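Residue numbers (the working numbering), protein chains in the order written: chain A, 1 to 222; chain B, 1001 to 1222; chain C, 2001 to 2222; chain D, 3001 to 3222.
Yeah, the Cβ is synthetic: ideal placement off N, Cα and C, and Gly gets one too.
Keep in mind that this is a model prediction, so the values were computed, not measured.
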DNA sequence: CATGAATGAGACTTCATTCAT
DNA sequence: TATGAATGAAGTCTCATTCAT
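Right, here's the structure in full:
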């Protein structure tokens, strides 16, 4: 709970929460909803348990969210929007578009950035992954508004590096797919191994080898 | 493709053996349970809907499966076991261990094999993916009994090809991770694009490029 | 189960079972019905458990007994009838009516007789006691056909001894009530103490003191 | 009868204390649960009927009592505790220990007191009697916490009167058993005859004769 | 705004009973 | 006659949602 709270506090400052007016109770409700949904899945979670963990009465939830599903969406929809942020906001955009000289630096930055993001929003991402298959609206939202923009942005980057001549001449979407697959695979395994550093999982090395693998795979002479 | 045939027959035998003791109604129950679980998720599925789609009385479900959860497990547990089959059966083992001369042939066979498997069990795999996070027993089963064996088998193959000298000298587990990530990424995107063949997705080409990417990434001079 | 079976074997020989035709399965059904009803009570017993313990199929029960209630009655109704037997049959009747010279001998015989009876039919009596309140037919049967006859017989005995002059001149029904209360109290406590013989419960002594208490209470100078 | 009044008030206070926290609906649920359980037995009663008679929705029952069994226990457990009250409270204790001069007065008081108690709690006692055999916890509670204390108290009284010399020198437990048997027998028959006063059952006389019987049986010269 | 008792639809499950084999 | 799969009514219990306080 504390962990979730911390993240939330951060979110509160950064996002709409700061501008909108959320009562303290509402914040607590959201926090425990995230907690419970992530723990048991949306369908298996009961509003009464959420209320209990939030320390509010059952009815209070329905004062802020008309239905249980609205509560879910109030968690998941903003999360989807936030997924796109780094690709659109000054920070990431600026970096990718101009600064880095070589592609491996881009990969390194992306890995760093996504790991941080996942760590901070693990619970919400878990909920998102679980519920996406059952909510067409979310799927459409994710695909049209988010994925499209992300890919568009990434495409530009890839094309830029292809133009520099060392990268293989594949369709940019293919390159993006190969990069993302490999990176996500690295992050997934890393997550399973609990980010520990030992003989079984030498994170720094694995990351470098992963980047090297991609670079070689894309035709950069190593 | 002789090997693929062999697997197919073995799977058939196994499935038949199980279903021989099934009444027609029980088969129908299983089929609609898979259908409904895949469609709505386990927790959001009701036994009454499963019964309805199977064309049986609700009570009939509970004559064959003591609880709703037992029904789920009767679907998911065998699926987990089947996941391992191709890595353990003589057919596949023999092939991988000795027959193929170059690593890209191995990759090609694996891709073929897994695509076929996923196509045949898509619904069940969807259920499996959805439910794994909520059932520790399944997690343990998957990790200990299945994953361990699969990795062990794959490790042998990798080591054999590393010994031939053209492949980079990385930990075999790292190589396996990189291969699987890339292949799964290919299969995932392919699945989303619905296996269509058009300007957007030229499957034959994507597959070859994916294999080439891996081979290059692993140090084979292209 | 063995215990119950033994009793049943005896019953079989003695009662209608010998004349009627009971299949072996039917006997087993009755035996396990008695067992389960006594253990869980009629309403909380399931025909499926009875079938299971009897080692027959669920349907078999309903081939012999149209309903679950008929199965109950086939156990309980004969039991009620048997309750009266000792008061009507030659054995007991003869004894009470003529042989014994003093009332304490009558009491002693009754105690002996009832203890034996209860021991042999404990399960069935337990069922009877549990179910009597919920089945008017049984109540009527018990009251009219059984109790009336028993009391009638007992009344004669009491009157006979009253005529001998040492017993108080109370309504015979009052005397019967006092005797039965005291005797049942003795048997009840004895049953609780599990018929053990030790410092806590010296059965022989308790029985004699009980008889002495009744005799004194009824005016016999001790 | 001052003592009886005292008890009454104490009981009232205790009951009120419990019911003060009860909503009107909860009281109604309890009342109809007692009604239905007494009428049909616990296992044969349905929560839906209880709800119906109480004029509430079925779900309302489960808001107050987690399970049907908890509802039963909420009725039966306090009843067991109340059974002991008169034997432990100052009122009764004082009376028995010191005030009464002769044993028949004690008996008379006890009869009076228990008849009143039974009349007031007939339904609950019926439920208790029915369910005791199937709930080990209740058995233990009754035996350890209740019966032991009651017997201890009664023993003191008996010993006191034995010391006065007119009572037979039997183990006090034997004397208690004989008294209780006889009294319970009287109350039982009286209950069956519905407390009517006619030629068949002259209550005042039966009661006196019962007391006389006990007194004589215990050695008091009549 | 917040509460929490109340609701009633519907969830899972049990079980007496039927019937084709 | 015996079986046991199938039934469907009914049982216990859960839960999102409402509403008087």
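Quiz item: Could you give the distance in angstroms between the alpha-carbon of residue 191 of chain A and the alpha-carbon of residue 3046 of chain D?
Solution: 51 Å
Quiz item: Which residues in the same chain as residue 1034 of chain B place their Cβ atom closer than 8 Å to its Cβ, once the five residues preceding and following it in sequence are excluded?
Solution: 1075, 1123, 1124 and 1127
Exercise. Let me know if residue 206 of chain A comes out buried or exposed under the rule of 16 or more other beta-carbons within 10 Å of its beta-carbon.
Key: buried
Quiz item: Can you name the residues of chain C whose CB is closer than 7 Å to the CB of residue 3189 of chain D?
Solution: 2177
Quiz item: Is residue 3023 of chain D helix, strand or coil when you go by DSSP?
Solution: coil
Quiz item: Can you check whether the CB of residue 1185 of chain B is closer than 9 Å to the CB of residue 184 of chain A?
Solution: yes
Quiz item: Using the beta-carbon of each residue, which ones in chain A are nearer than 7 Å to residue 1209 of chain B?
Solution: 170 and 174
Quiz item: Whose Cβ in chain A lies nearer than 9 Å to the Cβ of residue 1110 of chain B?
Solution: Residues of chain A passing the Cβ test: none, with the nearest at roughly 15 Å.
Exercise. Return helix, strand or coil for residue 2203 of chain C, following the three-state DSSP convention.
Key: helix
Quiz item: With a CB to CB cut of under 7 Å and the five nearest residues on each side skipped, what residues in its chain are close to residue 1229 of chain B?
Solution: There is no way to answer for residue 1229 of chain B, as the model of chain B reaches only from 1001 to 1222.
Quiz item: Apart from the five residues just before and just after residue 1137 of chain B, which ones in its own chain have a Cβ nearer than 6 Å to its Cβ?
Solution: none
Quiz item: Among C:2053, C:2038, C:2042 and C:2040, which has the Cα closest to the Cα of residue 2027 of chain C?
Solution: C:2053
Quiz item: Do residue 1083 of chain B and residue 1146 of chain B come within 9 Å of each other at the CB atom, strictly closer than that value?
Solution: yes
Quiz item: To the nearest angstrom, how far is it from the Cα of residue 3158 of chain D to the Cα of residue 2164 of chain C?
Solution: 34 Å
Quiz item: Would the beta-carbon of residue 3065 of chain D fall within 9 Å of that of residue 3029 of chain D?
Solution: yes
Practice problem: Enumerate, from N- to C-terminal direction, the unbroken alpha helix (DSSP H) stretches of 4 or more residues contained entirely within the stretch 1122 to 1173 of chain B. | Solution: 1122 to 1131, 1136 to 1140 and 1148 to 1163
Practice problem: Would you tell me roughly how many angstroms separate the C-alpha atoms of residue 3069 of chain D and residue 36 of chain A, rounded to the nearest one? | Solution: 29 Å
Quiz item: If you compare alpha carbons, which of C:2044, C:2106, C:2156 and C:2189 is closest to residue 2072 of chain C?
Solution: C:2044
Self-check item: CB contact below 9 Å: residue 1165 of chain B versus chain A
Solution: no
Quiz item: What does a CB cutoff of less than 7 Å around residue 1081 of chain B pick up in its chain, not counting 5 residues either side in sequence?
Solution: none
Practice problem: Could you check which residue in D:3213, D:3061 and D:3041 has the C-alpha nearest to that of residue 3023 of chain D? | Solution: D:3061
Self-check item: Top-ranked residue by Cα proximity to residue 2110 of chain C, from C:2182, C:2201 and C:2189
Solution: C:2182
Exercise. Use the C-beta contact count for residue 67 of chain A: other C-beta atoms within 10 angstroms, 16 or more gives buried, fewer gives exposed.
Key: exposed
Quiz item: Straight-line CA distance for residue 1103 of chain B to residue 1213 of chain B?
Solution: 13 Å
Quiz prompt | Contacting positions in the stretch 3053 to 3071 of chain D - beta carbon closer than 7 Å to chain C | solution = none
Practice problem: Taking only the alpha-carbon atoms, compute the straight-line gap between residue 1051 of chain B and residue 1172 of chain B and give it to the nearest angstrom. | Solution: 48 Å
Quiz item: For residue 2067 of chain C, which of helix, strand or coil comes out of DSSP?
Solution: coil
Exercise. Spell out whether any CB of chain A is found under 9 Å from the CB atom of residue 1050 of chain B.
Key: no
Quiz item: Residues of chain C with a CB under 9 Å from the CB of residue 3047 of chain D: which are they?
Solution: Within chain C, no residue comes near residue 3047 of chain D; the closest Cβ sits about 14 Å away, beyond 9 Å.
Quiz prompt | DSSP state of residue 46 of chain A mapped onto helix, strand, coil | solution = coil
Exercise. Can you tell me the Cβ-Cβ gap for residue 1211 of chain B and residue 1108 of chain B, rounded? I've got them flagged as a contact below 8 Å.
Key: 6 Å
Self-check item: Rounded C-alpha distance that separates residue 2150 of chain C from residue 2177 of chain C
Solution: 12 Å
Quiz item: Of all Cβ atoms in chain C, is any one closer than 9 Å to the Cβ of residue 3012 of chain D?
Solution: With a pLDDT of only 43 at residue 3012 of chain D, under 50, the local geometry of the prediction cannot be trusted, and the value read off the model is given with reservation. So no, residue 3012 of chain D is outside the interface.
Practice problem: Let me know the secondary structure DSSP gives residue 1055 of chain B once reduced to three states. | Solution: coil
Practice problem: Using a Cβ cut-off of 8 Å, pull out every chain B residue sitting near residue 194 of chain A, in sequence order please. | Solution: What residue 194 of chain A touches in chain B: nothing, since even the nearest Cβ is about 14 Å away.
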